[in-house]
Amino acid sequence: MKFFIDTANLDQIQEAQDMGILDGVTTNPSLMAKEGITGTDNIMAHYKKICEIVDGDVSAEVISTTYEEMIKEGEALADIHPQIVVKVPMIKDGVKAMKYFSDEGIKTNCTLVFSAGQALLAAKAGATYVSPFIGRLDDISSDGLRLIDEIRMIYDNYGYETEILAASIRNPMHIIDCAKIGADVITSPLASIEALLKHPLTDSGLAKFLEDHKKANA
Ligand code: G3P
2 MKFFIDTANL DQIQEAQDMG ILDGVTTNPS LMAKEGITGT DNIMAHYKKI CEIVDGDVSA
62 EVISTTYEEM IKEGEALADI HPQIVVKVPM IKDGVKAMKY FSDEGIKTNC TLVFSAGQAL
122 LAAKAGATYV SPFIGRLDDI SSDGLRLIDE IRMIYDNYGY ETEILAASIR NPMHIIDCAK
182 IGADVITSPL ASIEALLKHP LTDSGLAKFL EDHKKANA
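Each residue of the sequence shown is one higher than the one before, counting from 2 in the numbering used here.
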């Protein structure tokens with residue numbers, strides 16, 4: 002399973018990259034705004050900086066909502082760097098745009114996916130990635146992980162190559178459950194990735210090993 006980090010914060014991206022476990026980055030307009038990145042030129046420059054930190058795919062989201070505008074914006078984003086994946090919302094014009102990008106060999110990430118039907122359409126349109134938002138479904142008392150399971154079954158039934166990119170991860174158990182189900186990718190805040198490291202028996206075990214070594218070598 003690939004690990005992407007879901008942030009536009011360069012320090013956090015660098016930290017995950019330095020751990021050696023990072024396969025890519027996802028961003029969205031809210032995450033860019035959170036970092037104070039505004040204006041087309043600054044936004045484009047920020048995507049380039051992210052691409053220079055990581056080796057893998059970097060999702061850059063369009064803010065257009067019509068087919069023609071999405072094509073123009075998506076092509077400009079794709080021109081920034083070969084690692085850029087154009088992130089497109091699951092709306093009718095977005096489906097059309099993803100088909101266009103797919104035919105042009107431009108990678109896409111279909112975002113704001115909340116149902117199996119939407120995921121099926123994304124695969125039909127040739128999306129490289131589909132992003133079901135599991136945390137936001139959990140937030141409204143729906144079952145985000147069940148959606149990952151349904152999409153996995155549908156894609157396996159027909160051999161769709163679209164990768165399931167589980168998004169809106171809220172905690173380390175989401176990551177573990179996605180791995181059990183067979184999601185291709187998770188995109189997560191750094192905190193949930195780092196939480197996978199933690200176990201009290203690791204900490205107490207290490208403290209005891211170091212203490213015994215110190216005593217024996219005093
Ligand atoms: O980037 C898309 C998704 O991961 C957003 O997550 O936490 O805003 O629901 P969240």
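Even glycine gets a Cβ: it sits at the ideal position worked out from N, Cα and C.
All values derive from a computational prediction rather than experimental measurement.
Three-state secondary structure (DSSP) of residue i
i: I165; result: strand
i: G58; result: The question names Gly, but residue 58 is Asp in the sequence shown. DSSP places D58 in strand when its eight states are reduced to three.
i: D139; result: helix
i: L197; result: coil
Closest residue to residue i among the options (Cα-Cα distance)
i: D104; options: S205, L198, A128 and P201; result: A128
i: E62; options: K100, L78, I92 and M154; result: L78
i: Q84; options: L11, K108, K100 and I72; result: K108
i: D58; options: I155, N110, E162 and F115; result: N110
i: D94; options: T67, Q119 and D140; result: T67
i: D232; options: E164, H175, D80 and T41; result: With the chain covering only 2 through 219, there is no way to say anything about residue 232.
i: N172; options: S193, Y156 and Q13; result: S193
i: I165; options: A120, Q15 and A98; result: A120
Cβ neighbour criterion (16 or more within 10 Å) applied to residue i
i: A17; result: buried
i: K88; result: buried
i: N158; result: exposed
i: A126; result: buried
i: H200; result: exposed
i: E212; result: exposed
i: F102; result: buried
i: A123; result: buried
i: E162; result: exposed
i: E74; result: buried
heavy atom of the ligand G3P below 7 Å from residue i C-beta
i: D185; result: no
i: G25; result: no
i: S143; result: no
i: N29; result: yes
i: S132; result: yes
i: D42; result: no
i: D7; result: yes
i: R137; result: yes
i: S169; result: yes
i: T67; result: no
i: T112; result: yes
i: T203; result: no
i: T129; result: no
i: T188; result: yes
Residues sharing a beta bridge with residue i, DSSP
i: E70; result: None; E70 has no bridge partner.
i: Y130; result: N110 and E164
i: V87; result: A61 and T109
i: V26; result: I6 and V59
i: S189; result: I6
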